[in-house]
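Peer 1: I have a structure I would like to understand better, so I am pasting it below and will then ask my questions one at a time.
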C-alpha cells in the first residue's frame, strides 16, 4: 500500500503571497489531519477533515484553511503569507474515528517544507 | 485538555548504552499515548503506542515504553543504542474524545556517540 504523499515537497514564497499544499492519504483512509512543525513551537495541530467536513480545528488564524475532496485528498491553503509561516507542514491520514471509539492509528507523510522570504 | 512534556530537548548516549527519553502527560480522561521518530527531512514514523491494553508496550527497532498512571509518565527506553537511532523523538497524547487531534511534546533530539 502506498503511504501518505504530500506535494510539493519544497516551496519558496514571498510575504503576502498565498500557497496551496496537497495531501493524498493512504487508500481507504477517510480522515486527514494537518500539522505545522516549527523549531520554536514544535508540532501544532491545524485541522482535521473527515468525509469532506472539518471536524477539529487548532488555534490558527483564518489565513489557514483547508478542504477535503470526495476521494479523501486534502488541500490546505495559507493566504497572505508571513515570515512566521515558514515551517514543515505535515499531513496524517487515518481510517476513521468516532467519539468514544477506540483509537485508529495515524500515518504521516514526509511533509512540505515552506519557506517564506 | 491534554498536554505532553518531554524533559530534555537534547540527549546524548554512547553506542551500546541505555536510551531513556522522558515523557510526562496531562489528560483529564484516559489517554492514548504515542512515541514517534523523525529522521532529517522526513515525516513522523510511529515507534509504539499505548491504547489502554498492556502497560508495557514494545515497539519497532527495539524500543519500548511503560505507561505509569500514578506518575503520568510514558518514558521511552532502549537497552542498547545504535548509531541509526540518532533522530528526533516526539511523544504525543490524544484520547477517545479528541481522537485524531494529537498533542505533541517539543521533541528530544537523540545523539549517539560512537
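Chains as they are written, first to last, in my numbering: chain A, 34 to 150; chain B, 889 to 1002. By construction, the Cβ of each residue, glycine as well, lies at the ideal position given by its N, Cα and C atoms.
I want to see whether chain A comes within less than 7 angstroms of residue 992 (chain B), judged by CB atoms only; does it?
Peer 2: What you label residue 992 (chain B) is simply residue 104 of the second chain in a count that begins at 1. Yes, its Cβ sits closer than 7 angstroms to a Cβ of chain A.
Peer 1: So, with DSSP's three-state summary, where would you put residue 114 (chain A)?
Peer 2: Locating residue 114 (chain A) in the first chain gives position 81, counting from the first residue. Looking at residue 114 (chain A) - three-state DSSP - the assignment turns out to be coil, as it is neither helix nor strand.
Peer 1: Can we say the stretch 139-148 of chain A touches the stretch 899-911 of chain B, given the rule of at least three CB pairs closer than 8 angstroms?
Peer 2: Touching, no.
Peer 1: Could you list the residues in the stretch 115-127 of chain A with a C-beta less than 7 angstroms from some C-beta on chain B, going in chain order?
Peer 2: The stretch 115-127 of chain A vs chain B, Cβ under 7 angstroms: 123 and 127.
Peer 1: For residue 970 (chain B), is the classification buried or exposed, using 16 other Cβ atoms within 10 angstroms of its Cβ as the cut-off for buried?
Peer 2: Numbered from 1 along the second chain, position 82 holds the residue referred to as residue 970 (chain B). The residue in question, residue 970 (chain B), is exposed, as its Cβ has fewer than 16 Cβ neighbours within 10 Å.
Peer 1: Rounded to the nearest angstrom, what separates residue 40 (chain A) and residue 46 (chain A) at their Cα positions?
Peer 2: What you label residue 40 (chain A) is simply residue 7 of the first chain in a count that begins at 1. What you label residue 46 (chain A) is simply residue 13 of the first chain in a count that begins at 1. Roughly 15 angstroms separates the two Cα atoms.
Peer 1: Return the Cβ separation of residue 890 (chain B) and residue 982 (chain B) in integer angstroms, given the expectation that the two are a contact with Cβ distance under 8 angstroms.
Peer 2: The residue labelled residue 890 (chain B) in the question sits at position 2 within the second chain. The residue labelled residue 982 (chain B) in the question sits at position 94 within the second chain. That belief holds up - the Cβ atoms of residue 890 (chain B) and residue 982 (chain B) are roughly 7 angstroms apart, short of 8 angstroms.
Peer 1: Taking the alpha carbon of residue 943 (chain B) as the point to measure from, which residue in B:961, B:1001, B:980 and B:950 has its own alpha carbon closest?
Peer 2: For the purposes of this step, residue 943 (chain B) is taken as residue 55 along the second chain, with counting starting at 1. The residue with the shortest Cα to Cα distance from residue 943 (chain B) is B:961.
Peer 1: How is the beta strand (DSSP E) around residue 149 (chain A) delimited, first residue to last?
Peer 2: The count along the first chain starts at 1 and reaches residue 149 (chain A) at position 116. Element bounds for residue 149 (chain A): 145-149.
Peer 1: Evaluate contact between the stretch 990-1002 of chain B and the stretch 70-86 of chain A, counting only Cβ atoms and requiring at least three cross-stretch pairs below 8 angstroms.
Peer 2: Because the criterion of three Cβ pairs below 8 angstroms is met, the stretch 990-1002 of chain B and the stretch 70-86 of chain A touch.
Peer 1: Chain A partners of residue 931 (chain B), CB-CB under 7 angstroms?
Peer 2: For this step, residue 931 (chain B) is matched to residue 43 along the second chain. Going along chain A in sequence order, the residues near residue 931 (chain B) (Cβ under 7 angstroms) are 123, 141, 142, 143 and 144.
Peer 1: DSSP three-state label for residue 950 (chain B), please.
Peer 2: The count along the second chain starts at 1 and reaches residue 950 (chain B) at position 62. Helix.
Peer 1: Provide the residue(s) that pair with residue 898 (chain B) in DSSP beta bridges, ordered along the chain.
Peer 2: Counting from 1 along the second chain, the entry for residue 898 (chain B) is found at position 10. DSSP lists B:997 as partners of residue 898 (chain B).
Peer 1: Contact between the stretch 105-116 of chain A and the stretch 56-75 of chain A is defined here as three or more beta-carbon pairs at a separation below 8 angstroms; is this criterion met?
Peer 2: Touching, yes, given that three or more Cβ pairs across the two stretches are closer than 8 angstroms.
Peer 1: Since residue 70 (chain A) and residue 120 (chain A) are thought to touch, with beta carbons under 8 angstroms apart, how far apart are those beta carbons, to the nearest angstrom?
Peer 2: To locate residue 70 (chain A), count along the first chain from 1; it is residue 37. To locate residue 120 (chain A), count along the first chain from 1; it is residue 87. About 6 angstroms; that satisfies the 8 angstroms criterion.
Peer 1: Could you list which residues in chain A have their beta carbon closer than 9 angstroms to that of residue 906 (chain B), in chain order?
Peer 2: Translated into positions along the second chain, residue 906 (chain B) becomes position 18. Neighbours of residue 906 (chain B) on chain A: none; closest Cβ ~26 angstroms, over 9 angstroms.
Peer 1: Looking only at C-alpha atoms, which of B:895, B:990 and B:940 sits nearest to residue 126 (chain A)?
Peer 2: Along the first chain, read from residue 1 onward, the residue named residue 126 (chain A) stands at position 93. When only C-alpha atoms are compared, the closest one is B:990.
Peer 1: Which stretch, first to last residue, makes up the beta strand (DSSP E) that contains residue 981 (chain B)?
Peer 2: Translated into the one-based positions of the second chain, residue 981 (chain B) becomes position 93. Segment 975-983, the beta strand (DSSP E) holding residue 981 (chain B).
Peer 1: When Cβ atoms are compared, which residues of the stretch 61-91 of chain A fall closer than 7 angstroms to chain B?
Peer 2: Here the close residues are 64, 66, 75, 76, 78, 81 and 89.
Peer 1: Could you give the DSSP three-state label for residue 972 (chain B): helix, strand or coil?
Peer 2: Residue numbering aside, residue 972 (chain B) sits at position 84 when the second chain is read from its first letter. Helix at residue 972 (chain B).
Peer 1: So, does the CB of residue 894 (chain B) fall closer than 7 angstroms to a CB anywhere in chain A?
Peer 2: Your numbering for residue 894 (chain B) matches position 6 in the second chain. No, residue 894 (chain B) lies away from the interface with chain A (no Cβ there is under 7 angstroms from its Cβ).
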